[in-house]
Every structure is written in structure tokens, then in C-alpha cells.
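Quick notes on the structure that follows.
There are 2 protein chains.
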Amino acid sequence: MSGWLRVVGIGPGPERWITPESAEVLHAATDLVGYRTYLGRVTPTAAQRVHDSDNGDELARARHALQLAAEGKQVAVVSGGDPGVFAMASAVFEAIESGPLSQRALDVAVLPGVTAMLAAAARLGAPLGNDFCTLNLSDNLKPWRIIETRLRLAAQADFVMALYNPASRARPTQVHEAFAILRAELPAETVVVFAKAIGRPDEEVTVSTLGEADPAIADMRTLLIVGARGTRCLARPEGLPWVYSRRRLDGAP
Amino acid sequence: MSGWLRVVGIGPGPERWITPESAEVLHAATDLVGYRTYLGRVTPTAAQRVHDSDNGDELARARHALQLAAEGKQVAVVSGGDPGVFAMASAVFEAIESGPLSQRALDVAVLPGVTAMLAAAARLGAPLGNDFCTLNLSDNLKPWRIIETRLRLAAQADFVMALYNPASRARPTQVHEAFAILRAELPAETVVVFAKAIGRPDEEVTVSTLGEADPAIADMRTLLIVGARGTRCLARPEGLPWVYSRRRLDGAP
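Chains as they are written, first to last, in my numbering: chain A, 1 to 253; chain B, 1001 to 1253.
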């Protein structure tokens, strides 16, 4: 049996957003490796070995998965969302780069998936319908000053922003700092959306403005969307308004 | 029969990347509306009416789809990639905003999908593994000076860039202008990837650097990825190198 490793994203939650390619690999693998919360959403076959771990040390998890593949196992590394967006794929390549040269010949592939911002955007309407940027607000792996600079420049570029990991129990205050930076750069009426646990039973969506929003409602399961100049709210007879970004910007030919 | 409208993304090409939710709606709809090229990738049932159109006037296509839904049809608006990223979803909401108030009560929803940059990133490794921005290089709906400004600020922010629609027959020179801007802002060794028709039979991937790349190879089916400071190439025994962005940046705690 010849080993392989696939980095698989299971999307934001429900099975209806897992691609057929990913579902097939999740079924075909001999070994499933991942963070406990994500593995808990997958039903293993009787023959599969499940290697779950706590959140945190992604590099150790990636090394373990590569080791299993080198031993001939057929390994699915299970990630939330899309594995290439603030998830396991980068950790796997960091492990390959720092690992034994022999592992560079392993049969490794990443399978694309639905990342949280696309699910949140679809739920709201089309807030990512014009140029946007995607930032991880966690400073676990980069200094906070880089995050500050990126927020400022993104605001000056009039990008819509999709902000992952805005807060956690260990980082409760940074989302307030991020709002302070954005409030200094952008108009108070800028549309802000807190999209929590999209597609899951406890989904919660709050549409507000930069001036009025309370950043304290963001937690580690929230994706934050900050609108641009062309982002609009469109009231409906009932329920949340649609939020979308216009394709056409002033001065277009 | 009660009308509805779903904006559906069929991903970059192959069926293995179409979510079960989207596949189900494509099957259940009474009417399929879309650009001819995308509709050509869907096999309609015998009972379905297909309304195809040329590329271009997305707003007219969106209005037609809304009209069908208002008449009680169950309409899938078929988009490439993810419908919310430089695709049909924004046009549908622009049509709702400028259309009759009665249409705001229609049963409308957007279904998330796999957008081109996620498929391209997965094919390459994990170039979007750190903060990134997503720009549409077409100036059909926004002035070129906005694109120039966004490119400059994105470079200063050290974002990885996913650049959609870098060139077309009508816009052959702008990708050269974009490269000139990026070359003035970023080191010559910055990783650049031309990802053409990812997942389709004529897929072509070129990995190069900002200093050496020839922008002329970009066309309307190319997604361009421009790396950041933390983006690395990792040689393999054969085939293309892996391209990935490190999660950790200098000065991290």
C-alpha cells in the first residue's frame, strides 16, 4: 500500500458544503488526523484510525500526519473551512520544509473547500462582491503591529475586510483595538457584520455599523466583515437586511 | 408553485468541487439562467428551461432571473466559482435594489462555492496561508486609478494577492501596468504564480518571480497570485515546487 496525505477542508459545518472530492477522500483514508472539534464532525468508517488532538500545535500534528503517510498510511488531515485559509495546509508545508528530505517525495495534495468568509458572505448577500482582504486578527504567530498596519492600509485601500479569529478567551481586548483603528480610518456608517457559527445550529448574525457596533460580541467562532464605501444594506420585509457590495465604483468608465 | 431564486456557483470547473447543496438546487430548479459558458457545464434535466446569454450585461440577466422567480419559477442563476466573488450575486442585489419593491419579498438566497483562488491555492500548496487580498483587475466597473492605489497599498501591507481577470482581449496592456506598479513596490524575488483554468483539461500553472515573469502569459482564464514576504517555494523531486505562505512572521511573540 502506497502512502499519501491529503489536506481536507470540511467547510464551516454542514455536510451540504463539503465537496464531493473531500467527502470521497474522508471516506477512502486509512487515518484521520485533526483537531478534535473538526474530527467530531466526521463519521469515521469502522476501519479508520482517528488521531485527534487539542487545538494548538498544528506543526506537531502536521509532522505526525507526514510520518503516518511515510509509513504507507493514507492520511486525511482534517481542517475546518478551506484548508488553505488560516488552517492546516501551511502547517503541513512548514513541516515538510523543516522535515527529512525524503518527505518531499511523498504524495501530498491539498483539496479546496468552502472557507468561512464565503459561507458568511452568501448568508448575508454579497458583501465580498468587490475587492476585499482577508486577515487573521490573531497575534499568536505575527506581531500585533503588523495587524495594525494591515488594518490601516486595508481601510485606506477601501477594501471590504473579512476578519478571522477576531477574539478568543486569551485575546479578549484586541478586537476593541482593531475597532479603534478602523473607527479612526473609516466613516461611522461603514457596515459591520458579526457572522457567528454560520451554517451551524447556533448560527447568529448581527448587522450593524462601525459607529454603533459593540465589538465585545465577537468571539472565536465569529467572522467579522467590515464593509467598504460600496457596501450597502438593503432592507427586506422581514428578517435581516441583505448586505452586498456594489460592483460599480465612482468614476468608472 | 412558489417561486424562488438561488445564486449558485459551480466552482472553477470539475464536478468534484460543486457542493452537494449547489448540485441539489441545480437539479431542483425549473429554470437555469446564466452565461453560456457556465451553463454549458451543467446538464439540464428534460423538464428544465435554460436561459443562456452572452457574457456582459449581468444586470439584465439578474433582472430576467428575478422576473422569472416573481412569476413563480424556481430559478438557479448559475455562476462560475463562488457566486459572491466577482460573479453574479452582487448583480442580483443591484437588480433588487433598483427593481420593484415587491421583489424584495422574493425567496432569494446565495449558495457558497469554491472560488478560483481557493482551487488555485490548493493546487500550488498554500499561498493564501497568511493574510491576503483579492482584487478584480478589470476596470470595466471601476476606474483604473482605484486599482493602482489598491495594488500599491496591498504591496505596502505585505498581503499575498489573488488577482482575478488580469487580462482579456479588450484589456491586454493593464496586466503590464499592474506588474510595473508591483515591481516598484516589491522585491524582484517575490513569488508570482499564473494559474490558468485550474481543474480543467487545459490547466496550466507557471511559477515564477516578479522580476522574471512575463505578464503577457496572463489571459482571461488566468488567476494571478503574487506572494508576500512570507511566501516560499519548496522544490520537489519532480514537478512544480510547492508554493506556500508561512503562518509565522518576524517578531511574533
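Backbone N, C-alpha and C fix where the C-beta goes; we use that ideal spot for every residue, glycine too.
- Taking the CA atoms as reference points, Cys133 (chain A) sits about 6 Å from Val160 (chain A).
- Assignment of Thr149 (chain A) by DSSP, reduced to helix, strand and coil, places it in the helix class.
- Note that the stretch 1138-1150 of chain B does not touch the stretch 1182-1199 of chain B; fewer than 3 beta-carbon pairs, one per stretch, sit closer than 8 Å.
- With its beta carbon less than 9 Å from one in chain A, Arg1236 (chain B) belongs to the interface.
- Per DSSP, reduced to three states, the secondary structure at Arg49 (chain A) is strand.
- Its chain contains Met1220 as the residues whose beta carbon lies nearer than 6 Å to that of Ser1168 (chain B), once the 5 sequence neighbours on both sides are disregarded; these appear in chain order.
- Only those residues of the stretch 22-39 of chain A whose C-beta falls short of 9 Å from the nearest C-beta of chain B are listed: Ser22, Ala23, Glu24.
- Counting C-beta atoms within 10 angstroms of its own C-beta, Gly1072 (chain B) has fewer than 16 neighbours from the protein chains shown and is therefore classed as exposed.
- Ile181 (chain A): member of the alpha helix (DSSP H) spanning 174-185, first to last residue.
- Using a Cβ-Cβ cut-off of 9 Å, Leu1066 (chain B) does not count as an interface residue toward chain A, since no Cβ of chain A sits closer than that to its own.
- Distance between Leu1153 (chain B) and Ile198 (chain A), taken at the CA atoms: about 31 Å.
- Residues of chain B with a Cβ closer than 8 Å to the Cβ of Leu153 (chain A) are, in chain order, Leu1153, Ala1154, Gln1156, Ala1157.
- Chain-order list of chain B residues neighbouring Leu141 (chain A): Arg1247, Arg1248, Leu1249, Ala1252, by C-beta distance under 8 Å.
- Interface flag for Pro100 (chain A) against chain B is unset, since no Cβ pair is found closer than 9 Å.
- Counting the other Cβ atoms within 10 Å of the Cβ of Ala1065 (chain B) gives 16 or more, which makes it buried.
- Under the criterion of beta carbons closer than 8 Å, Val1243 (chain B) and Pro1215 (chain B) do not qualify as touching, at roughly 18 Å.
- As summarised for the stretch 102-162 of chain A, the continuous beta strand (DSSP E) elements at least 3 residues long and confined to that stretch are 107-110, 132-136, given in chain order.
- In this chain, the beta strand (DSSP E) harbouring Ala195 (chain A) covers 191-196.
- Among the residues facing chain A, Ser1002 (chain B) is not included, as its CB has no counterpart in that chain under 9 Å away.
- Residues of chain B whose Cβ lies closer than 8 Å to the Cβ of Phe194 (chain A) do not exist; the shortest such Cβ separation is about 18 Å.
- For Val92 (chain A), the enclosing alpha helix (DSSP H) begins and ends at 88-98.
- By the rule that beta-carbons nearer than 9 Å mark a contact, Asn1130 (chain B) touches chain A.
- Gly125 (chain A) belongs to the set of residues whose beta carbon lies under 9 Å from a beta carbon in chain B.
- Secondary structure at Thr43 (chain A): coil, using DSSP grouped into helix, strand and coil.
- Counting only unbroken stretches of 4 or more residues, the alpha helix (DSSP H) elements lying wholly within the stretch 1050-1089 of chain B are 1058-1070, in sequence order.
- Non-local beta-carbon contacts of Ala1213 (chain B) in its own chain, meaning distances under 8 Å to residues more than five positions away in sequence, involve Phe1179, Val1192, Phe1194, Thr1206 in chain order.
- Note on geometry: alpha-carbon atoms of Leu1137 (chain B) and Ser1079 (chain B) lie some 19 Å from one another.
- Under the Cβ criterion (8 Å, minimum of three pairs), the stretch 1002-1011 of chain B does not count as touching the stretch 1049-1058 of chain B.
- Within chain A, the residues whose beta carbon sits less than 8 Å from that of Leu1111 (chain B) are Ala122, listed in sequence order.
- Linking Gln48 (chain A) to Pro112 (chain A) through their CA atoms gives a straight-line distance of about 22 Å.
- Exposed is the label assigned to Pro172 (chain A), since fewer than 16 other Cβ atoms lie within 10 Å of its Cβ.
- Interface criterion met: the Cβ of Phe1086 (chain B) is under 9 Å from a Cβ in chain A.
- The C-beta separation of Val92 (chain A) from Val33 (chain A) comes to about 10 Å, leaving the pair out of contact by the 8 Å criterion.
- Sixteen is the threshold: when 16 or more other Cβ atoms of the shown chains lie within 10 Å of the Cβ of Ala1116 (chain B), as they do, the residue is buried.
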